[in-house]
Each structure stands twice: as C-alpha cells, then as structure tokens.
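S.K.:
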C-alpha cells in the first residue's frame, strides 16, 4: 500500500455504510504505511490489521486475510482503489439477492 494513499484508502472503505469488518494485510511495507496503520487504526473496532514479517506477495496477503474472515461474504479491495468503495452495494446486491 503506498503511504500517500493508505489513509485515503482506509477512510473511503470505512465510510461505506454497510455492516463490515475490514481486514488489512500489510505485506511488510517499508514506506511508513505500517507505522500509520499501527498509530492511527490499531484501535478501530471495525478494522483488523494483519502484518507480514517479510514481503510475501499479493496472493499470500489475500490468503492471510481469508484465514481471518469471520463473515459470509468477502470483498477484496486493493489499495489502488481499482473500483470505488461506494460501489460495494452494486457488487453485493446480486450476492445478497441470491
């Protein structure tokens, strides 16, 4: 996660008004993101931060998160905001409707 975008990314995801638990995997970032996560978000009850002790890559980061999922539906969101968190409703609607 790029440090300059970490705060923006997290705030956008947290603002989405749906019942959610956010898992963030820090894949051994060295750009200050790890410190930002620990200092600003460690105590947020809707967010859980998981840290890798060395860089393991995107696939392993996803597997790490999936090992800690507590809900029935999972959305995977990269920090580059490839899709806007405001669109979560559109992604979830067909799943919820079955």
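In UniProt numbering, the protein residues as written are 1 to 98.
Each residue gets a CB set at the ideal place from its N, CA and C atoms; glycine is no exception.
So what does residue 27 bridge to, in DSSP terms?
M.R.: In the chain shown, the residue the question calls residue 27 occupies position 27. The partner list for residue 27 (beta bridge, DSSP) is empty, contrary to what the question assumes.
S.K.: Report the residue from 60, 64, 40 whose alpha carbon sits nearest the alpha carbon of residue 6.
M.R.: To locate residue 6, count along the chain shown from 1; it is residue 6. Of 60, 64, 40, the residue nearest in Cα terms is 40.
S.K.: Does the contact criterion of 3 or more C-beta pairs under 8 Å hold for the stretch 73-92 versus the stretch 44-56?
M.R.: no
S.K.: Mind checking if residue 22 is an interface residue toward chain C, Cβ cutoff 8 Å exclusive?
M.R.: The chain inventory of the structure shown lacks chain C, comprising one protein chain alone.
S.K.: For residue 86, I'd like the list of residues in its chain whose CB is within less than 7 Å of its CB, leaving aside the five on either flank, ordered along the chain.
M.R.: Here the question's residue 86 lines up with position 86 in the chain shown. Here the set comprises 16.
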